[in-house]
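Residue numbers (UniProt numbering), protein chains in the order written: chain A, 1 to 371; chain B, 1 to 371; chain C, 1 to 371; chain D, 1 to 371.
Everything below concerns the one structure shown next.
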């Protein structure tokens, strides 16, 4: 087995998410960043290469050049990862697949649902591995929830409450990271709903194994002058009749990244929150409350396969992110990667964003979620 | 100053809330339980008197008798407290007021909005003190929130999330406490919304000082065979434009009494939860997070006036409840009691229940909340 | 059954602990405060009676008068409670017993070990009920620990860590409550060790059912100019060989009343803390962690008998204190009160204080704890 | 700038700590693992190379060979890292330094104090960079404590409580990781005190900037048949007169890796715990309690320089470990690395272990801590 070689698209100077992808991809040493189009400005791309400590020769100024050059090398990249603003996801992934490279992509899948449908077709036709970094599905205890729920630990599911409070966009003057996220041209039609609401939607479906079939959305741009939504509430129904509530906000001052989920069935309940990711609370039917901790002997196969340290040695966001890349590396090697989010989940996420934005704008009440 | 004498209506053998009212009323020694119609069955009423350790002569089998007998005594009751199921609130309070007795009442005000309107008229006409035990307004740190928000600590309010998760009605077979709460004849049209949703609604208005003007309700009876709702989500708009979300449920297995509230303004945020009532988290505009603890020197007048022990000596539910009775005792003595919830709040609560139940049943979308 | 009538000794204007005893004694309506020597100044004693809302005629200026007067009344007191500074415990309890009145007393038993030995003899000779308010033994979940450990839940005990951090004496200038506590004449030889260290010692023995046989003490007066210790560490050995560590401090700035205890045996561990008293963490031998909550169905008889509200309705310090008075009331009525702390525990507490103070002063290393 | 090349000594199949060092060293891409003597068995060493995905040619079966071979390569290693059991630290570091290679080493410095003294001389003479992975000094909020305390945030320090509870050695039958740790031949004279007690000692000195001058130790082998201590309590005095208590245990069933520290000065207090490493509680002199969170704008330079993600994206144990390697890489590049623990801290740690073990064995009471 050798390390897989990765080329990055995006992630230039100042971007927060580029280094995160780099660390995550390399953490388990199965993948190595070796090339990139870090910026469409060749000089800035080379500056990024310096920061990443990779060969400056392999810092390209445009995608076509990278794909061609890397294809020609014996030690060329094995796949690309796309970490650009949303509007570049479609063209980047398309080009990579066309050149024969598997692709990982930051979420959401694309900027619009139409683009997502197009990309879904392209991916299916290409028959190449494609994955989406829905980061929170990478946490071991999130996978434990999924595994236990699938095994019937809660009985029939009845209720899901998934929240994603943040406060960093509570003021009009935003920094570098905010810039493209509040611009419809680059982010797409969804602001908060596309940036973090879609994480919450994905987490709810991932954990429960149930699909959302209907929703009622209430989105708003709370900060004066903002074009895209920064606060969202969505009521949901799952296929089995379970009820869901999704709260996402970027104007809740003081909240950092408080993503969390609670799931209740007829026989029990579970709750987990991202800011304390190494513990999972489980309420059993007999009234007992169990505190499951990362590393516990009672954990199932999914969690154990994605934990690196003994209990009490906290793993966090980067390790969760790295677990997504391990899934992708496994896929590239021809193994199973049941937890990896791909075309279907990406498309569902875009349908969620699109449906929520439209339904909220027209106060349409309950609407179906269709792809 | 002498202790005020209280007569209880309801609270017979097996009722949870009767002893709670007794303890709360007497905790600060300003009030004493001396009489009661604990049950409409005279024998059971006397049995309750034995449990309460009060004079069995003053355990009555019907309200009219108590009111007449106590009126005739020199050491007769000063006021009544009504702790019956909801459908008895109206007749009990009416009779008491008619006999010249001020009245405290358990929430919600009545079983229906029409009854509440009637009672509001009766109270206003009687000109006698009337209070409602919206218990959670009694917590010192809830009052601290109210005081700080009123003083502008958060700037313009933007967002309120108020939750009240419980799990005790997650199974069809319910115990004594549940019996009347799931029966429309005695509880009124609201199940979960009337039992705990109205607490959450009241808490949101109490803390923010803002009135809800519109709402969108999604209620359901999740447990098969149940007639009244046991799970509720309500989207809200406040008079100043702030957005609110209210979640209440009685089928979230393992949740006990997880009432909590988060409020965000343009300049900060606050959060509090009932199960750890002695701490309040405040997010300041400059990024600092402050942990305010019961008993802290920084607390305002409202909280200080309703705290009995030094910091670190936890006060809880009974002390919060007792604070409501202190408010009522103060009112009876002619003092101010700005935090006491009365006719207006009671009526608003009933309008909330009624509006939510009707709007949900018809999937009416957004509707106005009017009295 | 009628309410027992209590006379208070101490608890005059400005004392924190007097009202706490009053509330605790009366909370369950089994006891009523009817008389008191609240101060040795008759005017101040009457002022206290006004605050307590009791008959001013029964506010006495000296103990002998109260005992005589109350004995003469048909509705006279049934017992006394002593809430004075430590140096008055012995004479007060002695006088009460001599007059035929059972006595409750604040801890520690007396100001000195010699006094305690004297009082132990007096109590045993009198044959009257005597109890000590080691408050923390009143918490339901503390009793649950005791019950489970006694039933062998942890196997052979190995280790106890009991802590009691406070910060309120971190500055030289102390308020009213501090005044007598830092004065050897009134507090006795122990400062922090006598005020809170003895609580921790008592809690450790109460919870484990094991007696401390040896100790090594390290006490200091950290704040310049202070005569008595304000910071203590004590290493301990229990009769079965288990090891213990006791930390108590009053100079840990910002700590309020952080009393807590962790107990480990060969098969499990438990931990509880006073500031969040309604939850108990239990580590089982098989690696599972259980979160036991006040009101849970799994609780044993001791906890259930001393809980007033359903789970999720927090009870706190006053309710724990009230549980001690319920024990005492039960004893007065001829029932069992296995959790009530009395002569033996009082004497052991004084031996602990005395031994620790002397051993620390002489750097004596390990010494036996003997009565 | 290019990536530094690292050779590992130890970390063969089954070792927990080898992969941790690999991940930590590489996380920020400043260092790359390229060679190793992963085992003294050449076959096992190559098996490890396969797991690490490094060139099998560079998996050596003995140290001398690696040092010679790597020295001869143009792309040879820049430094070694020693992750063997304690008794191999001295020979490994000595050989590396003798061959001209800087060395990182797992803690404790050596197996015995005599070895540490020898190694200190060797390091000083060699004049090459040498660092110790006292992991917990790598946490950003630990460095924040250090920075704030050094700046006088707490005034004169008075009290330190540092704890390190674990439960994994509570049974006699231990697994792979335990094997050498309970064997005096390989671990040295200290068991728990050398494995985790020394971490707690180091953390206390690191955070406070104060040196321990005297101590009183109480160590025991609690589990029957164990040769080395598995439970330790140490009383300490710091140079400025501050009092310290250190608790470390490996038999506290259910505890995972509960390392934590509380520091109090005349003007404030701070507390932090490793299992929730992204928050730091600060008690201010004016009574306010501040919750500092990783990523907060208020953080000082040390913390900011070692944080990779925005607030709310939890970093954990691996990131803290990586921060130590960043310090070492900085040192190799000629930059400052004020937080890196080296010869002095290593020697102090060994003196602590040695003094505690001897003082406890002889019940010597208070003894000086001298190097």
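For every residue, glycine included, the Cβ atom is placed at its ideal position computed from N, Cα and C.
If you're wondering where the values come from, they're calculated on a predicted model, not measured in any experiment.
Can you list, in chain order, the residues of its chain whose CB lies under 7 Å from that of residue i, leaving out five sequence neighbours each side?
{"i": "residue 294 (chain A)", "result": "140, 141, 278, 307, 311 and 315"}
{"i": "residue 349 (chain C)", "result": "107, 108, 109, 198, 201 and 202"}
{"i": "residue 373 (chain A)", "result": "With chain A represented from 1 up to 371, any question about residue 373 (chain A) goes unanswered, as that position is not in the structure."}
{"i": "residue 451 (chain B)", "result": "For chain B, the structure presents residues 1 to 371; residue 451 (chain B) sits outside this window and is missing."}
Which chain A residues are close to residue i, counting only those with a beta carbon under 7 Å from its beta carbon?
{"i": "residue 298 (chain B)", "result": "Within 7 Å Cβ-Cβ: nothing; residue 298 (chain B) doesn't reach chain A, min ~18 Å."}
{"i": "residue 149 (chain D)", "result": "Within chain A, no residue comes near residue 149 (chain D); the closest Cβ sits about 23 Å away, beyond 7 Å."}
Tell me which same chain residues have a C-beta within less than 6 Å of the C-beta of residue i, skipping the five on either side of it?
{"i": "residue 260 (chain B)", "result": "163 and 273"}
{"i": "residue 249 (chain D)", "result": "165 and 231"}
{"i": "residue 234 (chain B)", "result": "215, 217, 246 and 356"}
{"i": "residue 49 (chain D)", "result": "56 and 59"}
{"i": "residue 346 (chain C)", "result": "109 and 132"}
{"i": "residue 85 (chain D)", "result": "180 and 186"}
{"i": "residue 11 (chain D)", "result": "18, 38 and 83"}
Under 8 Å between C-beta atoms, does residue i make it to chain D?
{"i": "residue 162 (chain C)", "result": "no"}
{"i": "residue 235 (chain C)", "result": "yes"}
{"i": "residue 2 (chain A)", "result": "yes"}
{"i": "residue 222 (chain C)", "result": "yes"}
{"i": "residue 52 (chain A)", "result": "yes"}
{"i": "residue 276 (chain A)", "result": "yes"}
Could you pull out every residue in the same chain whose Cβ sits closer than 8 Å to the Cβ of residue i, ignoring the five residues on either side in sequence?
{"i": "residue 292 (chain B)", "result": "141, 144, 279, 280, 281, 282, 298 and 299"}
{"i": "residue 240 (chain B)", "result": "156, 157 and 210"}
{"i": "residue 54 (chain B)", "result": "33, 34, 35 and 36"}
Taking 8 Å as the threshold (beta carbon to beta carbon), is residue i in contact with chain A?
{"i": "residue 459 (chain B)", "result": "No answer is possible for residue 459 (chain B): it lies beyond the span of chain B, which begins at 1 and ends at 371."}
{"i": "residue 269 (chain B)", "result": "yes"}
Quick one: which chain D residues come within Cβ less than 8 Å of residue i?
{"i": "residue 291 (chain B)", "result": "281, 289, 290 and 291"}
{"i": "residue 317 (chain A)", "result": "309, 313, 314 and 315"}
{"i": "residue 159 (chain C)", "result": "222, 231, 249, 251 and 252"}
Is the closest heavy atom of the ligand SAH to the C-beta of residue i under 7 Å?
{"i": "residue 319 (chain C)", "result": "This structure lacks the ligand SAH; in fact it carries no ligand of any kind."}
Would a check of beta-carbon distances place residue i closer than 8 Å to chain B?
{"i": "residue 264 (chain A)", "result": "yes"}
{"i": "residue 29 (chain C)", "result": "yes"}
{"i": "residue 179 (chain C)", "result": "no"}
{"i": "residue 86 (chain A)", "result": "no"}
So which residues of chain B does residue i contact, with C-beta pairs closer than 9 Å?
{"i": "residue 16 (chain C)", "result": "309 and 310"}
{"i": "residue 57 (chain C)", "result": "Those within 9 Å of residue 57 (chain C) in chain B number zero; the least Cβ separation is about 14 Å."}
Would a check of beta-carbon distances place residue i closer than 8 Å to chain C?
{"i": "residue 356 (chain D)", "result": "no"}
Strictly below 7 Å CB to CB, what residues from chain C border residue i?
{"i": "residue 388 (chain B)", "result": "Outside the shown range of chain B (1 to 371) lies residue 388 (chain B), about which nothing can therefore be said."}
Cβ closer than 8 Å: which chain B residues qualify as neighbours of residue i?
{"i": "residue 366 (chain A)", "result": "363"}
List, in chain order, every chain C residue whose beta-carbon is nearer than 9 Å to that of residue i.
{"i": "residue 324 (chain B)", "result": "By Cβ distance, chain C contributes nothing, its closest Cβ being about 14 Å from residue 324 (chain B), past 9 Å."}
So residue i contacts chain B; which residues on that side make the cut at Cβ distance below 7 Å?
{"i": "residue 74 (chain C)", "result": "The contacting residues do not exist; residue 74 (chain C) stays about 17 Å from chain B at best."}
Checklist entry - Mind pulling the alpha helix (DSSP H) runs of 4 or more residues that sit fully within the region 283-322 of chain A? => result 301-304
Item to check | Where the region 233-258 of chain A meets chain B: residues whose CB sits under 8 Å from a CB there | outcome: 233, 235, 243, 245, 247, 249, 251, 252, 253, 254 and 255
Item to check | Segments of 3+ residues assigned as beta strand (DSSP E) that fall wholly inside the UniProt domain "GFO/IDH/MocA-like oxidoreductase" (142-270) of chain D | outcome: Entirely contained in the UniProt domain "GFO/IDH/MocA-like oxidoreductase" (142-270) of chain D, the beta strand (DSSP E) runs reaching 3 residues are, in chain order, 157-165, 212-220, 231-238, 243-249 and 260-265.
Checklist entry - In the region 20-49 of chain D, which residue ranges form an unbroken beta strand (DSSP E) of at least 3 residues, counting only runs that do not cross its ends? => result 31-37, all fully within the region 20-49 of chain D.
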